[in-house]
Amino acid sequence: MATGVIFLGPPGSGKGTQAEILAKLLDIPHISTGEILRSAIANSTPLGQKAKGYMDQGELVPNELILDMVRERLHDQDIQKGWILDGFPRSVSQATFLDELLGEINYAAPCVIDLEVPHDVLIDRLLKRGRQDDTEETIRRRLEVYHEQTEPVTDYYRRKGNLHIVDGNRGTNEVTQSLKDIVQN
Ligand code: AP5
Ligand code: MG
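Under numbering that gives the first Met the number 0, the letters of the sequence shown match residues 0 to 184, in that order.
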């Protein structure tokens with residue numbers, strides 16, 4: 000059966016790192032809304048130009064710029080075997096949108112992973128990484144936005160019964176092993 004995996008978790012929790020590893024292992028696409036937006040900025044597309052200010056401030060990019068992009072991506076042929084979403088959904092409105100979309104493309108309930116990592120470890124990891132939006136001020140705002148808008152998504156999936164909490168404050172390989180155990184079951 001096709002595998003749909005969603006990575007939740009705060010900035011710096013390892014969503015991108017683990018999604019990339021798991022996508023290779025399972026041979027399914029890794030769909031990161033953050034990466035799609037950063038590539039749109041790098042290519043100066045209209046989407047990139049509209050999204051940049053929000054990303055630099057650590058705010059969510061408005062749904063009107065995100066939802067069609069995700070709908071199109073999940074209608075591509077390469078998702079037949081499965082997909083991994085990293086950074087989407089990050090609000091309850093995006094989660095209900097995704098539910099409808101998965102209904103349209105006949106998908107069973109996805110496997111939702113929440114990576115848990117202590118606050119000070121997140122900040123330390125992001126400051127060391129140094130991406131454009133990894134400044135102290137933007138990191139602080141991204142974490143606030145996560146608590147305000149994305150944490151309720153965790154409760155949304157917990158109520159549906161498909162949430163798996165994983166300790167992300169371990170070595171990369173150990174985290175991957177836990178994820179394989181969850182996804183391959
Ligand atoms: P996005 O790109 O999704 O960023 P984020 O959620 O802030 O998360 P990060 O990518 O910073 O962290 P990560 O969890 O992927 O961790 P990583 O593996 O890199 O979003 C960026 C922006 O785009 C948003 O602020 C918003 O503006 C916009 N956006 C995106 N999606 C959107 C949406 N759906 N709706 C609206 N707006 C949206 O790891 C971090 C660091 O830690 C790395 O250096 C890594 O090497 C290291 N690391 C990873 N794992 C470990 C480990 N186990 N031990 C030690 N170090 C580790
Ligand atoms: Mg990421």
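Just so you know, even glycine gets a beta-carbon here, dropped at the ideal spot from N, CA and C.
- Between Val-174 and Val-182, the CB-CB gap reaches or exceeds 8 Å.
- Annotation: Ile-104 to Tyr-145 spans about 28 Å, alpha carbon to alpha carbon.
- Secondary structure of Ser-92 (DSSP, three-state): helix.
- Separation of the CB atoms of Leu-46 and Leu-64 is rounded to 6 Å, and the pair is thereby assigned contact status at 8 Å.
- Pairwise C-beta distances place the stretch 77-87 in contact with the stretch 2-22, as three or more of them are shorter than 8 Å.
- In this structure, Ile-112 lies near Leu-178, with their beta-carbon atoms less than 8 Å apart.
- Shortest Cα-Cα distance from Ser-38 to any of Asp-123, Tyr-156, Arg-89 and Gln-131 involves Gln-131.
- With 7 Å as the limit between CB and the heavy atoms of ligand 2, the residues that fall short of it are Lys-14, Gly-15, Ser-31, Gly-33, Asp-85 and Gly-86.
- Per DSSP, reduced to three states, the secondary structure at Glu-173 is helical.
- Placement of the Cβ of Leu-21 at a distance of 7 Å or more from every heavy atom of ligand 1 is found.
- From the listed residues Arg-89, Pro-109 and Ile-138, the smallest Cα separation to Asp-119 is found for Ile-138.
- Relative to Asp-133, the option among Gly-167, Ile-30, Asp-55 and Gly-8 whose CA is nearest is Asp-55.
- Take Arg-124, set aside five residues on each side of it, and the residues of its chain with a beta-carbon closer than 7 Å to its own are Gly-11, in chain order.
- Of the heavy atoms belonging to ligand 1, none sits nearer than 7 Å to the Cβ of Asp-67.
- With fewer than 16 neighbouring CB atoms inside 10 Å of its own CB, Thr-44 falls in the exposed class.
- Around the beta-carbon of Ala-22, 16 or more other beta-carbon atoms lie within 10 Å, marking it buried.
- Of Asn-62, Asp-75 and Arg-140, the smallest CA-CA separation from Ile-27 is found for Asp-75.
- A straight-line Cα-Cα distance of about 14 Å links Lys-51 and Arg-141.
- Where Ser-38 is concerned, the enclosing alpha helix (DSSP H) starts and stops at 32-41.
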